[in-house]
Structures are given as C-alpha cells and as structure tokens.
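Each protein sequence line maps, in turn, to chains Y and H.
For the first sequence, counting from 1, position 282 maps to 282 in UniProt numbering; every step adds exactly one.
For the second sequence, counting from 1, position 77 maps to 77 in UniProt numbering; every step adds exactly one.
Idealized CB from N, CA, C, for every residue including glycine.
Report on the structure given below.
Protein chains: 2
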Amino acid sequence: MTAVGRVGGSPANGPASQQDMRRRNLAVVLGTVAAHSPLSRADVAGRTGLTRAAVSSLVDELIARGTLTEAATAPAGRVGRPGRALVVSDRGPASLGLEIGVGHLAACVADLRGEPRVWRRVERANAGRPPAEVLAEAAALAAEAEAEAAVHGLSVMGRVLAVPGVVPNEPRGLVEHAPNLGWHAVRPADHWPDRDTVPDLENEANLGALAELWREEHTGVTFVHVSAEAGIGAALVVGGQLFRGTRGFAGELGHVTVHPEGRPCACGARGCLEQYAGVAAVLREAGLDGTGDAVVLLAERATAGDPATLGALEGAGQAMGLALASAVNLIDPDGLVLGGAYAELAAWLLPAIRTELAARVTVRPWEPEAVRASLLGRRGPVLGAALLTVRRLLADPTRLPAG
Amino acid sequence: MTAVGRVGGSPANGPASQQDMRRRNLAVVLGTVAAHSPLSRADVAGRTGLTRAAVSSLVDELIARGTLTEAATAPAGRVGRPGRALVVSDRGPASLGLEIGVGHLAACVADLRGEPRVWRRVERANAGRPPAEVLAEAAALAAEAEAEAAVHGLSVMGRVLAVPGVVPNEPRGLVEHAPNLGWHAVRPADHWPDRDTVPDLENEANLGALAELWREEHTGVTFVHVSAEAGIGAALVVGGQLFRGTRGFAGELGHVTVHPEGRPCACGARGCLEQYAGVAAVLREAGLDGTGDAVVLLAERATAGDPATLGALEGAGQAMGLALASAVNLIDPDGLVLGGAYAELAAWLLPAIRTELAARVTVRPWEPEAVRASLLGRRGPVLGAALLTVRRLLADPTRLPAG
DNA sequence: GGCTGTTTGTAATGGCGACTTACAAACTAG
DNA sequence: CTAGTTTGTAAGTCGCCATTACAAACAGCC
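Quick look at the structure:
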C-alpha cells in the first residue's frame with residue numbers, strides 16, 4: 001500500500017519531534033478553515049481544542065505561507081467583538097492536474113480551496129502515437145494552463161499526470177503498461193521538456209475515485225469506484241484513503257471471474273468480467289462496431305430504444321452486479337460508484353446491477369441506493385490529479401515557502 | 001473501518017499535544033526494544049534517531065511503568081563502557097485471550113514480550129447451550145488463568161474474547177449472530193459475573209489473522225487469512241492493520257459467487273463458495289457424515305488415500321482458488337494464508353488452489369508460494385486475542401499505571 | 001598497574017511549542 | 001454613555017527534546 005491517498009502528516013513509525021507537532025497543528029487549523037470557512041480564530045480554537053493563542057500563532061504562519069487570507073467581511077450581528085473571518089486563499093499556491101486519454105489531453109489548475117480555476121482540453125487521437133510526442137504536447141498544454149493561472153495570481157506547487165494504464169508502486173514514475181495508448185514501460189520524465197515541471201504519475205481511475213471522494217468532505221469513507229475506458233478498473237477507497245495494493249495492482253475488477261468456464265480473455269484466464277461488461281464486449285453484443293466514441297454511440301442507441309443495445313447493456317449490468325457482489329462481500333464498503341464511461345451509461349446499467357447485488361449480498365444490510373453514478377463524469381481524473389496536490393499541501397503546509 | 005487492527009498511537013485527526021509526542025516516543029522506544037532486544041540505551045538512540053538523553057528519560061518512565069527491565073547480563077567484549085541491556089519485562093503487565101468455540105473453551109495469558117505463559121483449554125459442546133452458561137464457564141476459566149498468571153508475577157491489563165460469529169463495529173460489545181453456537185444478539189457483558197473483567201469482543205477469524213501477522217514482525221504487510229469452522233471467513237490485513245469493513249462485515253469469502261447459477265445457499269443466493277468448499281459440503285462430497293471432529297476425519301481419510309475424500313478436497317480447493325483469484329485481483333495482497341480448520345487440510349487443498357490462482361491471476365506477478373498454511377493452527381484465535389492487548393500496550397504505554 | 005582512548009549514561013542548559021493568564025480592542029444591549 | 005461579552009495578542013509557565021559537558025566503565029597498550 002503506497003501513500004497516494006494517504007496525504008496525511010507524519011510517517012508511520014519513527015520518533016515524533018516538536019516540528020512534527022507544529023506541522024500537524026498547522027494542518028489541523030488549515031483543514032478546519034478549509035472545511036468550515038469562514039471561521040474566526042476563536043471559532044477554530046473552539047472546534048479544534050487548541051487555545052486561541054496557539055491558533056493565533058498557527059494562523060500567522062499559515063498566512064505567511066500564503067494559504068490563509070483574512071476576508072474583509074464584517075459578518076457581525078452577535079454580541080461581543082467580531083472575529084476576523086479567515087478563508088483559504090484563492091491566490092498563491094495552486095496545483096496542476098494533467099490527463100492523457102485515448103482521445104484527448106486535459107489540464108486543470110485548482111486553487112487551495114479545491115476550486116478549478118483553469119480548464120484546458122484538446123481532442124487528440126493519442127493511441128499509437130510516439131509517447132514522446134504525446135508527452136511534449138501534454139507539457140505544452142500544462143505550460144499554457146500554468147501561464148493562465150499566473151494571471152489569476154496562482155503559482156503551481158505540484159503537478160500530477162493521470163494516465164489510463166498501470167502505474168506500479170515501485171519503481172515510481174513509470175507507466176508499466178497502457179494498452180489503450182499502446183505504451184509499454186514509458187517514463188514520462190525521460191521525455192519531459194523541462195526538468196522542473198515533471199509531474200507525478202497516477203492511474204486515471206484512481207484519481208477519478210479521489211475526486212469523487214473529495215467532492216464532498218467524507219472522511220473515513222470506504223467505497224469502490226468502477227470505471228472503464230477499454231478495460232474495467234476499480235479504485236478502492238478505504239477509510240478515506242486510496243488503496244493501491246501491495247504492488248499497485250489492486251482493483252482489477254475487470255479480471256474477476258464471472259463465469260468459471262466462460263469466454264477466454266486476453267489475460268489468459270476464462271470468464272473475466274471484461275469479456276461480458278467491457279465496452280468492446282457490449283458493442284459486440286449490441287451488434288455495433290467501434291468507430292467513433294463508443295460510449296456516446298451506445299448512449300444514443302439506448303436512448304432510441306434499440307433492443308439489441310438495451311439487451312447488451314442489461315447483460316453487462318448483470319455481469320457487473322455479479323462481480324461487484326463479490327467485491328462487496330469481501331470489502332464491505334459504504335457504497336459503489338460508477339465512474340468514467342459507465343457514468344454516462346448508468347441509467348441502463350444500474351437496474352441489473354442493483355438486482356444482482358440484492359440477490360447476492362444477503363448477509364449484511366445493503367441498500368440499492370448505495371450504488372450510484374459519479375457526478376463528475378469524464379472530468380473526474382483531471383480534477384483528482386489537481387486535487388491530489390491540494391490535499392498534500394493542506395496536509396502539510398510546511399511544504400510551502402515561508403515568506 | 002474500526003480500530004481493532006489499528007493499535008497505533010494518536011487518533012486520525014485533532015491537534016497534537018506534547019503528551020502525544022511523549023506517548024509516541026515511549027511507544028517507539030518500547031517497540032524498538034521489543035523488536036531487537038537486548039539493546040542498550042545508546043543502541044536505542046542509534047536506531048530511533050532520538051538522543052541518548054531523551055532515550056534515558058523515556059526508558060526511566062518505561063521501567064517505572066513495568067514494561068522494561070534492565071537485564072543483569074554483561075555482554076561486553078567491545079571497547080568502551082558496556083551498555084546496560086534492556087529487555088521487555090516478563091513480569092508485570094500481561095494480557096488475557098479467551099475463546100469460545102463450538103467444541104471448546106480456551107484461555108491464554110501472554111506477557112508483554114508476546115510469549116504465552118499460561119494455557120487453558122477444556123472441551124465443551126457449546127452449540128445450543130444457553131449463552132449465560134457458556135459465558136459463566138468462560139469467565140471461570142479466565143479467572144483460573146489469571147490466578148495462575150499471578151503466580152508468575154503477571155497482572156492482566158486487558159481481556160479479549162474470540163467468538164465464532166459476527167461482531168459488528170457498532171454497537172460494540174455485541175455478538176450479532178453466531179450460527180454455530182446458536183447465538184443471536186448476545187451481549188457477553190450482560191452475563192459476565194464480574195464487571196471489572198468484562199472482555200472486549202472480536203471475531204475469531206480476525207484474531208487468527210492478527211496472530212499470524214504478529215508471529216513475526218511484518219509491518220506494512222497485506223494479506224488475506226482464510227479460515228473455516230462451519231462457514232468460510234476471510235480476514236483482511238491491510239498494511240499491517242486488520243480491515244473490518246464499514247460495518248464489520250468485510251471478508252465474507254464464503255459468499256463470494258463461484259458458480260452464478262449453482263447450488264442454492266442458505267444465505268438466499270446461489271453458487272456461494274461455502275456450498276463448494278465449506279466443511280459440510282466437503283463431507284457430503286466425500287460421502288461422510290459429520291459426527292465427531294469433521295476436520296480430523298477428513299484428514300485421516302485423505303491420509304489413507306480415500307479417493308472420494310481426495311476428490312472432494314480437490315474440488316473444494318478449485319472452488320477456493322476461484323474465489324481467492326477474485327480476491328487477489330481486487331486487493332493485490334502479498335500473500336494468502338490458510339488458517340483454522342483449513343490449515344490442517346492444506347496439504348490436499350493447496351495444489352488445486354495454486355493451479356487455479358496461477359490460471360486466473362495473470363495481470364500481475366503471482367507466485368504459488370504466496371499461498372501457505374498457517375503455522376499456528378487452531379491456537380491462532382486465542383493467541384491473537386491475547387496479543388491484541390499486548391500490541392495496544394506496546395503502542396501506548398501510558399495506559400499502564402506509572403508507579 | 002597505570003595510562004589512553006572509547007563508549008555509556010546522566011545532569012545542566014537551551015530552544016521550541018502549546019497552555020495559562022491578563023488585557024486592550026471592538027462590538028451589542030440597554 | 002455604560003455594562004457586558006467576545007476577540008485577538010502579549011507575557012509568563014510548563015513539558016519535552018536537543019545540545020553540551022562530564023563522570024563512569026570498559027579494552028588495549030606500555
């Protein structure tokens with residue numbers, strides 16, 4: 001398990017120092033303001049249990065680091081001296097999210113409040129192109145986005161790139177395999193034009209799940225986020241943290257067995273979910289071919305009431321329900337979220353998924369509403385990529401320069 | 001996710017105080033000695049990064065709390081003043097593990113080193129007996145064990161009871177359902193004779209997994225621990241911590257689907273693993289009936305080479321391999337451990353399990369040796385129950401009285 | 001044996017960070 | 001305008017670890 005979702009403070013073991021204490025309390029104050037702003041120093045003290053004096057000192061440092069600002073508002077009305085409103089700064093430190101998809105490049109700059117301030121998206125057929133070329137374009141897009149952000153007074157402190165492929169825990173910075181792009185063992189750092197802006201790497205499904213997690217403040221939440229582009233991936237969020245597995249391969253829902261003696265899969269096994277609920281399988285079942293945007297095509301056909309398409313989607317939903325039931329029995333999550341391409345097809349997938357889950361998850365309370373579609377849709381991964389750095393900065397404000 | 005496996009220091013959020021720092025450093029020093037004893041104060045300083053002066057102060061307090069002792073040895077030989085050897089005390093604070101099984105009661109007192117010092121086990125047919133009666137006997141056994149421990153100078157600081165049933169996260173202290181005992185909604189505290197010795201509750205499979213985890217010091221390890229008494233349960237250890245799921249129902253491996261349209265299960269679904277690899281199913285397949293100790297019977301027949309038994313076990317192994325492949329694809333653990341009854345049948349189950357895993361886990365490196373049998377066998381749960389308190393004390397020595 | 005060099009454990013001092021106490025500032029209520 | 005309330009900050013205290021200094025306890029060497 002690696003620490004992508006674990007954006008929090010100090011390392012697991014090793015002694016604690018006074019600096020660790022300070023770091024943690026800075027994060028506590030900043031996090032409290034981020035979650036409940038506007039708040040006065042006294043409010044923060046009341047909520048956290050720190051004393052007003054300590055909060056004052058911590059807030060001074062947070063302001064000096066550019067993370068907090070005193071709002072000029074006068075929201076009085078109660079008796080006593082009115083507090084000065086603190087808000088998370090919408091200028092200064094910011095973060096960049098990038099995405100390389102099969103059909104597009106995207107960039108997003110978010111401020112410390114988590115608000116996206118700059119969006120960039122260009123359509124590009126990236127499949128099969130030389131990685132160096134794609135990465136150069138991504139870097140150019142990133143530079144553009146950062147330049148626009150600078151106009152708003154935002155300076156990017158961290159960069160994360162979302163890729164539709166396997167990103168192992170070790171070694172870091174490697175895309176081991178991205179089948180839809182045709183990438184094998186690509187190190188983006190080797191092709192990046194500027195040493196100083198090389199992004200961190202993360203799987204797009206994982207980032208989509210994190211975006212969903214952070215959409216509203218759910219702490220301690222556990223859910224499974226299913227998404228698909230060509231394969232089917234699931235991201236596991238456990239206790240509010242992304243769970244990547246020992247090697248970074250957790251969440252391979254697409255290769256969970258749904259029919260032990262079923263169709264052979266490209267992975268070498270038989271009866272994998274991907275063969276029944278993957279986009280390619282659904283297209284085949286619906287009698288369509290894969291030119292253009294397959295998901296849009298399926299949604300159109302289904303809306304039009306095409307029986308073959310509706311049947312194919314129902315079959316896919318059944319298979320997914322079967323695999324998800326096993327996941328629920330193993331993991332006992334709060335809920336399941338359909339993201340990525342499936343979010344747009346959720347209307348036709350959900351009934352069968354819910355039926356199957358109801359039939360197969362029996363030893364615990366389970367409500368059909370616990371399965372829902374993501375509200376972020378295709379923007380999830382970029383947004384998650386941007387928010388990852390934001391969360392890291394909120395969790396450790398000492399990463400920011402003091403002056 | 002609740003904090004049974006999470007024995008470590010400070011809460012997830014909230015401000016840090018100097019006492020937290022002290023608590024943590026006490027745990028760091030104690031943990032270092034526990035892992036590498038004997039160690040001098042200077043050794044501890046070298047390993048932890050704390051200064052010798054700080055270690056001295058911390059060690060003084062740990063000695064005052066009865067957790068550390070200065071060994072009288074003189075292991076010199078190197079130049080310079082010899083250090084005084086520190087070891088974890090084998091007297092003083094200790095912990096009690098209890099187990100209520102279908103056919104027995106067990107108790108174990110362990111010292112702070114994790115060494116079991118007192119064992120008690122009595123055979124009892126507990127199925128169907130009134131819970132109050134069983135609990136009274138368990139309490140008596142506990143009192144006996146504590147009395148014997150007192151002779152060794154051990155005083156029990158915490159008690160944990162292992163039960164073969166579902167123990168929800170909320171409300172705590174409740175056995176919601178223990179089918180093999182015939183228990184429903186039993187609160188052991190209501191029947192315990194002495195208010196002061198009421199034990200904490202935990203599922204026996206979870207405790208077996210924790211015992212396996214702590215057998216040797218694996219920190220950060222992630223594995224799935226499969227065990228069976230009548231049903232099939234799996235305990236998930238994630239990053240060195242027990243994962244119980246949102247409601248405490250994680251690890252229901254027995255109800256993972258292995259044949260979508262297969263045999264109906266008591267849970268209401270079809271084709272659950274339990275119907276193919278549960279002890280009852282194996283007995284039926286082997287043409288045996290369930291009088292006496294089913295596991296011993298199966299092992300005898302298999303050793304004797306009975307073809308029906310061997311076939312039944314192979315079939316069970318196949319089904320388990322199928323379900324475990326899905327678990328591996330979802331969770332990406334370091335390894336799988338067969339515990340409980342399955343540990344004694346591992347010789348006949350493992351080949352089929354490994355074959356099936358090799359065929360179905362293909363998208364990541366996976367070695368057959370990553371599946372192994374538990375070395376603790378049936379003593380795992382009691383030992384885990386005792387060690388749980390030990391780990392809690394090691395993680396927070398301030399729980400112990402100072403004088 | 002006596003001297004030197006090395007390592008250990010502890011005492012004294014300092015720095016850092018949160019807590020306590022005290023107080024001026026800024027508002028509402030009357 | 002006064003009394004009461006709440007806020008933010010300054011001064012002092014306390015707890016804890018780091019630094020420095022030093023006595024104690026050994027091996028090696030003469």
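Which runs of the beta strand (DSSP E) at least 3 residues long sit entirely within the region 48-72 of chain Y? Give them in chain order. 68-70
Residue burial classification, residue 321 of chain Y (beta-carbon count within 10 angstroms, cutoff 16): buried
Mark residue 4 of chain Y as exposed unless 16 or more other C-beta atoms lie within 10 angstroms of its C-beta, in which case mark it buried. Because residue 4 of chain Y sits at a pLDDT of 45, beneath the cut-off of 50, its placement in the model cannot be relied upon, and the following sentence gives the value as read from the coordinates. Buried, by the Cβ-count rule.
Neighbour list for residue 203 of chain Y in chain H, Cβ cutoff strictly below 8 Å: Those within 8 Å of residue 203 of chain Y in chain H number zero; the least Cβ separation is about 13 Å.
State whether the region 342-358 of chain H contacts the region 265-273 of chain Y, with contact taken as three or more CB pairs (one from each stretch) at a distance under 8 Å. no
Since residue 246 of chain H meets chain Y, which of its residues come closer than 7 Å, beta carbon to beta carbon? 222, 332, 333, 334
Is the CB-CB distance between residue 333 of chain H and residue 243 of chain H below 8 Å? no
Less than 8 Å between CB atoms is the rule here; does residue 359 of chain Y satisfy it with respect to chain H? yes
Kindly say whether residue 15 of chain Y, judged by its beta-carbon, lies nearer than 8 Å to any beta-carbon of chain H. yes
Step through the CB atoms of chain H and report whether any lies within less than 8 Å of the CB of residue 267 of chain Y. yes
With 16 other CB atoms within 10 Å as the buried threshold, where does residue 195 of chain H fall? exposed
In chain H, which residues lie less than 8 Å from residue 252 of chain Y when you measure between Cβ atoms? 329, 330, 332, 363, 364
Report the rounded CA-to-CA distance for residue 373 of chain Y versus residue 131 of chain H, giving the unit in angstroms. 45 Å
Which residues, taken in chain order from the region 181-212 of chain H, show a beta carbon closer than 7 Å to some beta carbon of chain Y? none
Along the chain, where does the alpha helix (DSSP H) that runs through residue 311 of chain H open and close? 307-331
So, are the CB atoms of residue 280 of chain H and residue 317 of chain H less than 8 Å apart? no
Kindly indicate if chain Y contains any beta-carbon less than 8 Å away from that of residue 338 of chain H. no
How many angstroms separate the CA atom of residue 234 of chain H from the CA atom of residue 87 of chain Y? 46 Å
Assign residue 15 of chain H to buried or exposed, taking buried as 16 or more other Cβ atoms, counted over all protein chains shown, within 10 Å of its Cβ. buried
By Cβ distance below 6 Å, which residues in the same chain neighbour residue 437 of chain Y in space, the five residues on each side in sequence not counted? This structure does not reach residue 437 of chain Y, given that chain Y is present from 1 up to 403, and the question cannot be answered.
For residue 54 of chain Y, which residues from the same chain have a beta carbon less than 8 Å from its beta carbon, with the 5 sequence-adjacent residues on both sides left out? 25, 45
Going by DSSP, what residue range makes up the alpha helix (DSSP H) through residue 344 of chain Y? 341-360
Pull up the CB-CB distance for residue 43 of chain Y and residue 83 of chain Y, whole angstroms please, since I reckon it's below 8 Å. 7 Å
Determine, using beta carbons only, whether residue 237 of chain Y and residue 202 of chain Y come nearer to each other than 8 Å. no
Name the two residues that bound the continuous alpha helix (DSSP H) containing residue 214 of chain Y. 204-215
Determine, for residue 320 of chain H, whether the minimum Cβ-Cβ distance to residues of chain Y falls below 8 Å. no
Do residue 135 of chain H and residue 192 of chain H have their beta-carbon atoms positioned less than 8 Å apart in this structure? yes
Compute the Euclidean distance between the alpha carbons of residue 175 of chain Y and residue 185 of chain Y, then round it to the nearest angstrom. 6 Å
Compare the C-beta of residue 311 of chain Y with all C-beta atoms of chain H and state if any pair is closer than 8 Å. no
Note down the Cα distance separating residue 397 of chain H from residue 170 of chain H, rounded to an integer number of angstroms. 27 Å
Counting only beta-carbon atoms, is residue 21 of chain H nearer than 8 Å to chain Y? yes
Should the region 18-36 of chain H be regarded as contacting the region 87-106 of chain H, the criterion being three or more beta carbon pairs within less than 8 Å? yes
Going along the chain, which residues of its own chain have a beta-carbon closer than 7 Å to the beta-carbon of residue 310 of chain H, five neighbours each way excluded? 302, 348
Need the endpoints of the beta strand (DSSP E) that residue 104 of chain H sits in, please. 104-111
With DSSP run on the structure shown, which of helix, strand or coil describes residue 409 of chain H? This structure leaves residue 409 of chain H out entirely; chain H is present only between 1 and 403.
Indicate whether at least one CB of chain H lies closer than 8 Å to the CB of residue 326 of chain Y. yes
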